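Visitor: Sequential numbering from 0 applies to the sequence shown in numbering that gives the first Met the number 0.
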Amino acid sequence: MTEKKKKAFYKRWWFWVIAVIVVIAIASGGEENSDQAKTNEEKATTTTATPKSEEKKETPVKEEDTVPREYKAALQKAELYAETMYMSKAAIYDQLVSEHGEAFPPEAAQYAIDNIKWNWKENALKKAQTYAETMSMSDSAIYEQLISENGEKFTPEEAQYAIDNLK
Numbered sequence: 000m001t002e003k004k005k006k007a008f009y010k011r012w013w014f015w016v017i018a019v020i021v022v023i024a025i026a027s028g029g030e031e032n033s034d035q036a037k038t039n040e041e042k043a044t045t046t047t048a049t050p051k052s053e054e055k056k057e058t059p060v061k062e063e064d065t066v067p068r069e070y071k072a073a074l075q076k077a078e079l080y081a082e083t084m085y086m087s088k089a090a091i092y093d094q095l096v097s098e099h100g101e102a103f104p105p106e107a108a109q110y111a112i113d114n115i116k117w118n119w120k121e122n123a124l125k126k127a128q129t130y131a132e133t134m135s136m137s138d139s140a141i142y143e144q145l146i147s148e149n150g151e152k153f154t155p156e157e158a159q160y161a162i163d164n165l166k
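#1: Rank 90, 146, 74 by C-alpha distance to the C-alpha of residue 111 and give the top, closest one.
#2: If we ignore side chains and look at the alpha-carbon of each, how far apart do residue 12 and residue 66 end up?
#3: Rounded to whole angstroms, what is the Cα-Cα separation between residue 165 and residue 25?
#4: Compute the Euclidean distance between the alpha carbons of residue 137 and residue 131, then round it to the nearest angstrom.
#5: Which residues in the same chain as residue 100 place their Cβ atom closer than 8 Å to its Cβ, once the five residues preceding and following it in sequence are excluded?
#6: Ends of the alpha helix (DSSP H) at residue 115?
#7: Which term fits residue 149, buried or exposed, when burial requires 16 or more other beta carbons within 10 angstroms of its beta carbon?
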């Protein structure tokens, strides 16, 4: 009888999947900490630069200090979707509130949509370019996909801008 030798753990597929996930988690965790360090450094700089006579005065509470953490997180996620996936406002809102997506409360998602500053026409154009290049779609098919409730959910104006500027 011949016995099969077991593969070394580092030669198994599941080991590499776990390794990739760990590397990604470490890489993304490092970026957050560096942003926090910059923010903390800025706060430290502003507190040490104030003279003692001004320390006793009350500083007004900034609006962003009163915004709940979850609302800020929804805004960051919305910016990520807009920047990397070229999504429309409506599609981002749906993704933020979806139980299969981010599962933010509707109020947090609406805060994100109300406060994101983005060029939605450019996102429509980039999405249209993707459809044109990868799927070889006609202009009318791209337009329909861009405005479809089951598609990208851009406004007709944003979709028309995209079609007019496709190269």
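We put the beta carbon where it would ideally sit given N, CA and C, even for glycine.
Because the structure is a prediction, the values reported are computed rather than measured.
Guide: Answer, in terms of the structure:
#1: 74
#2: 44 Å
#3: 39 Å
#4: 7 Å
#5: Counting only residues of its own chain and dropping the five nearest sequence neighbours on each side, residue 100 has a CB closer than 8 Å to the CB of 93, 94.
#6: In the DSSP assignment, residue 115 falls outside any alpha helix (DSSP H) and carries neither an H nor an E.
#7: exposed
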